[in-house]
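There are 2 protein chains.
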Amino acid sequence: MSQDDYIKEKESIIIQAARKRFAHYGFSKVTMDEIAGDVEMGKASLYYYFPTKEDLFRSVILQEQNELKKNIELILEEHSSASEKLQEFVEQRMKFFKVLINLGTLSVHSYFDIKSLFKKLFSDFEEVELNFIKKIIDEGKANNEFSSDLTEDSALIFLHILQGLRCRVLRWTKGQNLDEETHESLQKEMKTATEYFINGIRKK
Amino acid sequence: MSQDDYIKEKESIIIQAARKRFAHYGFSKVTMDEIAGDVEMGKASLYYYFPTKEDLFRSVILQEQNELKKNIELILEEHSSASEKLQEFVEQRMKFFKVLINLGTLSVHSYFDIKSLFKKLFSDFEEVELNFIKKIIDEGKANNEFSSDLTEDSALIFLHILQGLRCRVLRWTKGQNLDEETHESLQKEMKTATEYFINGIRKK
DNA sequence: TTTCGACTGTTTTACTTGATGGGTCGAAAT
DNA sequence: ATTTCGACCCATCAAGTAAAACAGTCGAAA
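Heads up: the protein sequence lines correspond to chains A and B, in order. Here the first sequence is numbered in our numbering, starting from 2 and rising by one per residue. Here the second sequence is numbered in our numbering, starting from 2 and rising by one per residue.
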């Protein structure tokens, strides 16, 4: 094993430990000492691998985002219709956000912890999502599935609808985590909204 | 002028004064003394007309809601298509929320002031909005404008999409008030989303 | 019937203080 | 040379507290 791989693995172990803690208690309620304890190191050692606590958290989120990214890429490669791809995209996305909510990243209460701090992280990923949607829409236009006179920002509006539906539900959330029932009804709502959207842009 | 009208007018004057204050400073930053001062009365006198501060604020909101209600009712009476009515509904609704945002009722920061306190007030009005949408959709179904196999909750999903788009924008708002630019792009977004929705439920 | 001055008891605020926890550094271990 | 850590620093936060501000009351006056 190369030196480089050794470091990567150590980092990965730390990220896993951090992920567990953050998922349970949220960013601000977790101390570096605790995470260090979990991986049986001194706190100072963590700072050998991650320059700040924020960076560690960022890495946790980044890992999750990459997970989703991979899943979405798989969808694109399938040979199904653009409509089906869009539906599957929405489903994967929901699964992803269920994790993020448990990570305490999205709830109203941890919102103030995070705001500007991770805004960039999320807006970068929004770009990624947007490109996926655009790709699917272009595909749909190419094979005459969708109307050809769609503007550039159809994808953006669709993304905003999805974001909005989630945001709306989160707003009335008391604790950190959405209960199973609410999550399910949100899922259903997104699915139906997606159906309407697809119908709305479908070639006549 | 009857005694009753006299009271109504006094109340109205107080509500107007309160509205101004609340719009500028938000619920918790306004004192009853200040409002009393504005209408040149003692604070105790306000309590002759309104049992609590909350009730006064409630009245302010209620007045705005009734304004919107009247406007929407006018829309229903027009003899335009259901699609056009839905678009106009969205437009009126936007105008209304611009006022509410200025009233500090909707911003993330005043959210904690208000939460459960006015939840009922808003969920009651949601019922009203929902009925308008349902009526429009039924009308569209009746004259073969919209698909006849729409379920009961198409209206609900549409309302949630609108709520979501607004909610999403509000989330990243710093101060109390949305700037003009953001408001305008939100308006455009809602308009386009409505178009897609209408297209999505339109009879094929 | 309507207004208000003078009160009351609770809630906020402003301030203090002690502890917590993010981050550093130089030395020790490997 | 790379990795670990004990000991330390200092900004931030939590708990406690005392004083002020405020919602709401009451009895009397207009």
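Even glycine gets a Cβ: it sits at the ideal position worked out from N, Cα and C. In this text, all values refer to a predicted model and were calculated from it rather than measured experimentally.
| Check | Outcome |
| --- | --- |
| Check whether I202/A and S155/A have beta carbons under 8 Å apart | yes |
| Interface flag, Q164/A vs chain B, CB-CB below 8 Å | yes |
| Where the alpha helix (DSSP H) through K70/A begins and ends | 54 to 78 |
| C-beta contact flag for I137/B and K86/B at 8 Å | yes |
| Contacting residues, own chain, Cβ-Cβ under 7 Å from D5/B (five flanking each side not counted) | none |
| Closest by C-alpha distance to S84/A, when choosing among E140/A, Q93/A, K120/A | E140/A |
| Residue from A24/A, H25/A, G27/A, S46/A with nearest C-alpha to D34/A | S46/A |
| Per-residue contacts from A209/B into chain A (C-beta, under 7 Å) | Since the first residue of chain B shown is 2 and the last is 205, residue 209/B is not available in this structure. |
| Pair within 8 Å by beta-carbon distance, T131/A and L157/A | Thr is not the amino acid found at residue 131/A; the sequence shown has Leu there. Going by C-beta atoms, L131/A is nearer than 8 Å to L157/A. |
| C-beta neighbour in chain B for A194/A, strict 8 Å | yes |
| Sufficient close CB pairs (3 or more, under 8 Å) joining the segment 48 to 62 of chain A to the segment 163 to 173 of chain A | no |
| Proximity test, Cβ basis, 8 Å: F198/A and chain B | yes |
| Residues from the segment 8 to 36 of chain B in contact with chain A, defined by Cβ distance under 7 Å | none |
| Bridge-paired residues (DSSP) for K203/A | Sequence check: residue 203/A is Arg here, not Lys. Per DSSP, F147/A. |
| Listed by chain order, chain A residues near H161/B by CB distance under 9 Å | G165, L166, R169, V170, E190, A194 |
| Simplified DSSP state of D180/A, which is helix, strand or coil | coil |
| The ligand NAP heavy atom lying under 7 Å from the CB of R59/B | Looking at this structure, you won't find the ligand NAP or any other ligand, since it has none at all. |
| Close beta carbons around T195/B, own chain, < 7 Å, minus the five adjacent residues each side | L87, Q88, V91 |
| Cα-Cα separation, L75/B to M95/A | 40 Å |
| D154/B (DSSP reduced to helix, strand or coil) | coil |
| Length of the line joining the Cα atoms of A143/A and K204/A | 11 Å |
| Classification of H161/B by the beta-carbon crowding that lies within 10 angstroms, buried from 16 upward | buried |
| Min CB distance I202/A to chain B below 8 Å | yes |
| Spatial neighbours of I73/A in its chain, beta-carbon cut-off 7 Å, leaving aside the 5 residues before and after | F90, Q93, F133 |
| Check whether D39/B and A24/B have beta carbons under 8 Å apart | no |
| With 16 other Cβ atoms within 10 Å as the buried cut-off, status of I15/B | buried |
| G1/A in three-state terms, based on DSSP | This structure leaves residue 1/A out entirely; chain A is present only between 2 and 205. |
| Where G27/A sits in the DSSP three-state scheme | coil |
| 8 Å contact criterion, which E146/A and S82/A should meet: CB distance rounded | 6 Å |
| Element boundaries [alpha helix (DSSP H), containing F98/A] | 83 to 103 |
| Three-state secondary structure assigned by DSSP to F51/A | coil |
| Buried or exposed by the 16-neighbour rule on C-beta atoms within 10 Å, applied to I36/B | buried |
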